[in-house]
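Quick notes on the structure that follows.
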Amino acid sequence: MPVARSVLRAVAVSRFFDSLGGASDEVKRLVWAFLPGRREDDDARRALAAVRRDGMQLLGAAAGFAGDREVVLCAVAQNALVLGYASEALRGDRCVVLAAVRGNGHALQYAAEHLRADREVVLAAVGQTCRALEYAAEPLRTDPGVVLAASAQDVLALQFASGALLAERSFVLEAVAANGCALRHASKALRDDRGVVAAAVAQNALALPSRPLAGRRTRTCRCWPPARGGTGGRAGTTCGRCRSWRGAAPAATLPG
Numbered sequence: 001m002p003v004a005r006s007v008l009r010a011v012a013v014s015r016f017f018d019s020l021g022g023a024s025d026e027v028k029r030l031v032w033a034f035l036p037g038r039r040e041d042d043d044a045r046r047a048l049a050a051v052r053r054d055g056m057q058l059l060g061a062a063a064g065f066a067g068d069r070e071v072v073l074c075a076v077a078q079n080a081l082v083l084g085y086a087s088e089a090l091r092g093d094r095c096v097v098l099a100a101v102r103g104n105g106h107a108l109q110y111a112a113e114h115l116r117a118d119r120e121v122v123l124a125a126v127g128q129t130c131r132a133l134e135y136a137a138e139p140l141r142t143d144p145g146v147v148l149a150a151s152a153q154d155v156l157a158l159q160f161a162s163g164a165l166l167a168e169r170s171f172v173l174e175a176v177a178a179n180g181c182a183l184r185h186a187s188k189a190l191r192d193d194r195g196v197v198a199a200a201v202a203q204n205a206l207a208l209p210s211r212p213l214a215g216r217r218t219r220t221c222r223c224w225p226p227a228r229g230g231t232g233g234r235a236g237t238t239c240g241r242c243r244s245w246r247g248a249a250p251a252a253t254l255p256g
């Protein structure tokens, strides 16, 4: 088993102090202060203490340690978004990125490209916030498991799914079974599919949006131009003379 570098250093320092023999304590303190690596160790300890208090210190007191794995791990544990200020090598370090996205899914945007295509990393991110799906690689935004995991957090995550996936009937049926409002993000053809719409409404009666008024028959009064004090001739408003509705919208109905 290889001996740790710190152990070898401790042994060397111990032997060196033994060789000083009867030197005074003051001399030993001075020698200790200027030992090779001593100052670097003190700087690393100060950097670690700074980022444990505030991860943003990776830009301040610990600015020279953006490439130090231990310091960056402590920083992202305190503030996941400081991953964006870590070195390029550490933004490609799977352990560092996983630690960051588990704290804040938005940190995925700062991960290296190959990690934004890593299924485990993306699942950890969307499990923390559905909007992390926006930063995932295109193949994962077509992955039904990843997209459903994100939409389980919030159905609005479907706006970041690929168009090809939202046109798949089997996927949309599974999505609307979990949340009927997923229907609003499906392709137009599936929004007009009676079976899909029925499944969505069965899960949530409010899943079916009202259709626009264009192209529908509407009732209008015969007063024209509208009398003074009315609200104009727009559909869904009233006439100022007879107070009758101009184009009241009928209730939403299933397609077909």
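In UniProt numbering, the protein residues as written are 1 to 256.
Ideal Cβ placement from N, Cα and C applies to all residues, glycine included.
Keep in mind the model is a prediction, meaning the values are calculated, not measured.
Query raised in the report: Does DSSP put Glu-138 in a helix, a strand or coil?
Result: Helix, per DSSP.
Query - Integer Cβ distance of Asn-104 from Leu-133, believed to fall under 8 Å - result: Leu-133 and Asn-104 do not touch by the CB rule: their CB atoms are close to 14 Å apart, not below 8 Å.
**Report entry** Alpha carbon of Thr-142 to alpha carbon of Val-71, nearest angstrom
**Finding:** If I take the Cα positions, the gap works out to 35 Å.
Report task. Starting from Gly-127, follow the alpha helix (DSSP H) in both directions and report where the run begins and ends. Result -> Run containing Gly-127: 119 to 128, per the alpha helix (DSSP H) assignment.
Query raised in the report: Around the C-beta of His-114, are 16 or more other C-beta atoms found within 10 angstroms, so that it is buried, or is it exposed?
Result: His-114 counts as exposed, since fewer than 16 other beta carbons sit within 10 angstroms of its beta carbon.
Query raised in the report: Would a C-beta distance cut-off of 7 Å place Ala-150 and Val-172 closer than the cut-off?
Result: The beta carbons of Ala-150 and Val-172 sit no closer together than 7 Å.
**Report entry** Other residues of its chain near Leu-73: CB distance less than 7 Å, five sequence neighbours each side excluded
**Finding:** For Leu-73, where only same-chain residues beyond five positions count, the Cβ hits under 7 Å are Val-96 and Ala-99.
Query raised in the report: Quick one: is Gly-145 buried, meaning 16 or more other Cβ sit within 10 Å of its Cβ, or exposed?
Result: For Gly-145, the number of other beta carbons within 10 angstroms of its own is below 16, and it is reported as exposed.
**Report entry** Beta-carbon proximity list for Ala-167, same chain, < 6 Å, skipping 5 on both sides
**Finding:** Excluding sequence neighbours, Ala-167 sits near Ser-187.
Requested in this report: Measure the alpha-carbon distance for Arg-234 versus Ala-205 and round it to whole angstroms.
Outcome: Caution applies to Arg-234, whose pLDDT of 44 falls short of 50 and renders its modelled position unreliable; the value that the coordinates give is listed next. Near 29 Å, if we compare the C-alpha coordinates of Ala-205 and Arg-234.
Report task. Below 8 Å on the Cβ atoms is my guess for Ala-107 versus Leu-140; work out the distance and round it to an integer in Å. Result -> At roughly 16 Å, the Cβ-Cβ gap does not stay under 8 Å, so Ala-107 and Leu-140 are not in contact.
Query raised in the report: Can you name, in chain order, every residue of its own chain whose Cβ lies under 8 Å from the Cβ of Ala-200, other than the five neighbours on each side?
Result: Within the same chain, Ala-200 has close Cβ partners Val-176, Gly-180, Cys-181, Ala-182, Leu-183, Ala-207 and Leu-208.
**Report entry** Extent of the continuous alpha helix (DSSP H) run through Arg-116
**Finding:** Looking at the DSSP string, the run of the alpha helix (DSSP H) that includes Arg-116 is 113 to 116.
Report task. Could you pull out every residue in the same chain whose Cβ sits closer than 7 Å to the Cβ of Ala-124, ignoring the five residues on either side in sequence? Result -> The answer, listed in chain order, is Leu-98, Val-101 and Arg-102.
Query raised in the report: Would you call Ala-198 buried or exposed, if buried means 16 or more other Cβ atoms sit within 10 Å of its Cβ?
Result: Counting the other Cβ atoms within 10 Å of the Cβ of Ala-198 gives fewer than 16, which makes it exposed.
Report task. Tell me whether Trp-224 is buried or exposed, calling it buried when 16 or more other Cβ atoms sit within 10 Å of its Cβ. Result -> Note that Trp-224 has pLDDT 48, beneath the 50 cutoff, so the model's placement of it is unreliable and the number below is only indicative. Exposed, since its Cβ has fewer than 16 Cβ neighbours within 10 Å.
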